[in-house]
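These protein sequence lines map, in sequence, to chains A and B. Residue 1 is where the first sequence starts when you use the UniProt record's numbering, and the numbers rise one by one after that. Residue 1 is where the second sequence starts when you use the UniProt record's numbering, and the numbers rise one by one after that. No residue lacks a Cβ here, since even glycine has one placed at the ideal position from N, Cα and C. For reference, the structure is listed below as structure tokens.
2 protein chains.
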Amino acid sequence: MPRADAVRNRRLLMDAAAAEFAENGMDVSITRIATRAGVGKGTVFRHFDTKEQLLAEVFSDRLEELVAVGRRLTEADDAEAALFEFMTTGVEIHVRDRSFCQAAAALSPSEASVRASRERVAEVADTLVDRAREAGAVRDDVTGLDIVLLLSAAAQAVLSIDEDPQGSLWQRYLALIIDGLRPQGAHPLPVPAPTLGRFTG
Amino acid sequence: MPRADAVRNRRLLMDAAAAEFAENGMDVSITRIATRAGVGKGTVFRHFDTKEQLLAEVFSDRLEELVAVGRRLTEADDAEAALFEFMTTGVEIHVRDRSFCQAAAALSPSEASVRASRERVAEVADTLVDRAREAGAVRDDVTGLDIVLLLSAAAQAVLSIDEDPQGSLWQRYLALIIDGLRPQGAHPLPVPAPTLGRFTG
DNA sequence: ACCTGAACACCGTTCAAGT
DNA sequence: ACCTGAACACCGTTCAAGT
């Protein structure tokens, strides 16, 4: 049973970290985050083992947004439009936040909180893919996890040439990737789909 | 006219940095690189303004490998196979080197050496795309720069779930993206192709 | 229990002193 | 002209001292 000020500080820290990461990227100092939260910097390490874990926690919070959107889209009429809207939202989440793409690339995939929410996104995505496939909108060899990885890829592609990815270039690559997902003219894939479990060890 | 030991040290530093970055990622310390090169760490900053610039220099050296491969493929008989082999080599270069994907994501696109070699890769890629297009192998709204960004994206997609990307999963996403590049069933793209110059300022 | 800030081992970068 | 390592300002993390 945690103390009242502890739960309050944890929340303050998460909020401050989310804001600082979003504004200044994942290299902001712990001191800065602690100051913004109004606590001593020692407190940060009482709530999170490491800076990476704090980043991971913020990261998976953001991913939960995407899970929520995906759940809602599960009940949409147009299964094809639903899947593509899901992907669009996913890329937007990446692009909105200065640290999100960095985090997606830098965070160890074995971080517990990251794995957990990645699993949940993949699960919703699976449902959306299945429905889109029944509607004949996507090829039958792609999975939900494929979708998650590809939308992250679309977001990252843009970073290589644009400092400030607030633009709309990502829409170009998302559209290209979506064309690759369609059943028309699909060539068999050389490698089986990944699973999250395979890398747990 | 630089002194003889200066040009020698510069080369030693580039080699040491390339090796250390490849083995340990882009977070290896300058001290470690300097030690491996057999020079004092002050010397590093005599040759490179900043650690980021050193990384950029190593990065664009690697990119030149891809330029060389692209040049050779320009004269291949099968234009379609040539383009796809170019992309395969590009992803392999990303995946081979522990730091390459990190660098692609973290380096400021305005770094001079990065911009320069990125421009040269895009140029070769343009030639390869044009030839592939004439052969009817790719849609007519993609450019060489698109290709470069997309092959980088394919490499990065894999990093999200696999610690050690020496595997072959990237082949799956490269194949998917290549399917999106084909003319069959291509939908018009919502956003025009990027140019490198646009972001110079 | 939890918070705090001084202390620690590191980092990238600078620069006075050497050759 | 170039090299060097001590010095500097910072960083993430630890921990003894406080409440």
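Where does residue 151 of chain A fall in DSSP's three states?
In the structure shown, residue 151 of chain A sits in a helix (DSSP, three-state: H, G or I).
Would you please verify whether the beta carbon of residue 190 of chain B is less than 8 Å from any beta carbon of chain A?
Interface with chain A (8 Å Cβ-Cβ cutoff): residue 190 of chain B is included.
Are any of the Cβ atoms in chain A nearer than 8 Å to that of residue 81 of chain B?
With 8 Å as the cut-off, residue 81 of chain B does not count as an interface residue toward chain A.
Can you give me the Cβ contacts of residue 25 of chain B inside the same chain, cut-off strictly under 8 Å, excluding the 5 residues immediately before and after it?
These residues qualify, in order along the chain: 98, 99, 102.
What did DSSP end up calling residue 5 of chain A once you bin it into helix, strand or coil?
For residue 5 of chain A, the secondary structure class from DSSP, reduced to helix, strand or coil, is helix.
Using a C-beta to C-beta distance shorter than 8 Å, which residues of chain A count as neighbours of residue 136 of chain B?
By Cβ distance, chain A contributes nothing, its closest Cβ being about 13 Å from residue 136 of chain B, past 8 Å.
Closer than 8 Å by C-beta to residue 178 of chain B: which residues in its own chain qualify, once you throw out the five before and the five after it? Chain order, please.
Only 84, 87 meet the Cβ criterion.
Residues in its own chain within less than 6 Å of residue 34 of chain B by CB, not counting five upstream and five downstream?
Once the five neighbours on either side are set aside, the close Cβ partners of residue 34 of chain B are 41, 44.
Contiguous alpha helix (DSSP H) assignments of at least 4 residues, all confined to the stretch 87 to 139 of chain B
List check, alpha helix (DSSP H) in window: 100 to 106, 112 to 134.
Between the stretch 167 to 175 of chain B and the stretch 107 to 126 of chain B, are three or more C-beta pairs nearer than 8 Å?
With the cut-off at 8 Å, the stretch 167 to 175 of chain B and the stretch 107 to 126 of chain B do not touch.
With distance defined between alpha-carbon atoms, name the residue in A:154, A:152, A:122, A:159 nearest to residue 144 of chain A.
Of the candidates A:154, A:152, A:122, A:159, the residue whose Cα lies closest to the Cα of residue 144 of chain A is A:122.
If we count Cβ pairs, one from each stretch, closer than 8 Å, do we get three or more for the stretch 69 to 85 of chain A versus the stretch 6 to 21 of chain A?
Contact annotation: the stretch 69 to 85 of chain A does not touch the stretch 6 to 21 of chain A, with fewer than three C-beta pairs closer than 8 Å.
Meets three-Cβ-pair contact criterion under 8 Å: the stretch 151 to 164 of chain A and the stretch 146 to 155 of chain B:
Three or more beta-carbon pairs separated by less than 8 Å link the stretch 151 to 164 of chain A to the stretch 146 to 155 of chain B, which places the two stretches in contact.
Assuming residue 114 of chain B and residue 29 of chain B form a contact by the criterion Cβ under 8 Å, report the distance between their Cβ atoms to the nearest whole angstrom.
Not really, about 22 Å apart at Cβ, beyond 8 Å.
Which residues mark the beginning and the end of the alpha helix (DSSP H) in which residue 161 of chain B is found?
Run containing residue 161 of chain B: none; DSSP gives neither H nor E here.
Any C-beta of chain B sitting closer than 8 Å to the C-beta of residue 13 of chain A?
With a threshold of 8 Å between beta carbons, residue 13 of chain A makes no contact with chain B.
Taking a cut of 8 Å between CB atoms, which residues from the stretch 170 to 186 of chain B lie near chain A?
From the stretch 170 to 186 of chain B, only 171, 172, 173, 175, 176, 177, 178, 179, 180, 181, 182, 184, 185, 186 have a Cβ closer than 8 Å to chain A.
Compile a chain-ordered list of the residues in the stretch 67 to 78 of chain B whose CB is closer than 7 Å to at least one CB of chain A.
Those would be none; no residue qualifies.
Quick check: what's the CA-CA separation for residue 185 of chain A versus residue 9 of chain B?
Near 54 Å, if we compare the C-alpha coordinates of residue 9 of chain B and residue 185 of chain A.
Nearest CA to the CA of residue 192 of chain B: which residue from B:142, B:168, B:82, B:37?
Residue 192 of chain B has its Cα closest to that of B:142, out of B:142, B:168, B:82, B:37.
Give the secondary structure of residue 75 of chain B by DSSP, where H, G and I count as helix, E and B as strand, and everything else as coil.
It is coil, neither helix nor strand.
Taking just the CA atoms, how far does residue 133 of chain A sit from residue 182 of chain B?
So the two alpha carbons sit approximately 21 Å from each other.
Could you pull the start and end residues of the alpha helix (DSSP H) that residue 36 of chain B belongs to?
Note, residue 36 of chain B: alpha helix (DSSP H), 30 to 37.
Taking 8 Å as the threshold (C-beta atoms), are residue 118 of chain A and residue 196 of chain A in contact?
When the beta-carbon positions are compared, residue 196 of chain A and residue 118 of chain A come within less than 8 Å of each other.
Three-state secondary structure (DSSP) at residue 186 of chain B?
DSSP places residue 186 of chain B in coil when its eight states are reduced to three.
Where do the N-terminal and C-terminal ends of the alpha helix (DSSP H) with residue 169 of chain A fall, by residue?
First-last of the alpha helix (DSSP H) with residue 169 of chain A: 169 to 181.
Measuring straight from C-alpha to C-alpha, what distance separates residue 106 of chain B and residue 180 of chain B?
Looking at the backbone, the Cα of residue 106 of chain B and that of residue 180 of chain B are separated by about 27 Å.
Would you please state the rounded distance, in angstroms, between the beta carbons of residue 79 of chain B and residue 139 of chain B? I believe it to be under 8 Å.
So it is not a contact: roughly 14 Å between Cβ atoms.
Quick one: residues in its chain with C-beta nearer than 7 Å to the C-beta of residue 66 of chain A, no 5 flanking neighbours on either side, listed in chain order?
Closer than 7 Å at the Cβ level, and outside the excluded window around residue 66 of chain A, lie 89, 90, 93, 121.
Looking at the secondary structure, which residues open and close the alpha helix (DSSP H) in which residue 42 of chain A lies?
Segment 41 to 47, the alpha helix (DSSP H) holding residue 42 of chain A.
Assigned exposure category for residue 95 of chain A - 16 Cβ within 10 Å defines buried
By the neighbour-count definition (other C-beta atoms within 10 Å, threshold 16), residue 95 of chain A is a buried residue.
Closer than 9 Å at the beta carbon, the chain B residues around residue 53 of chain A:
Within 9 Å Cβ-Cβ: nothing; residue 53 of chain A doesn't reach chain B, min ~17 Å.
Environment of residue 7 of chain A [buried if 16+ CB atoms lie within 10 Å]:
Exposed.
Interface residues of the stretch 106 to 130 of chain A facing chain B [CB-CB below 8 Å]:
Result list: 106, 108, 109, 110, 118.
According to DSSP, is residue 196 of chain A part of a helix, a strand, or is it coil?
In the structure shown, residue 196 of chain A sits in coil (DSSP, three-state: anything other than H, G, I, E or B).
What does residue 161 of chain A touch in chain B if you count any residue whose Cβ is under 8 Å from its own?
For residue 161 of chain A, the C-beta contacts it makes with chain B under 8 Å involve 109, 118, 145, 149, 194, 196, 199, in order along the chain.
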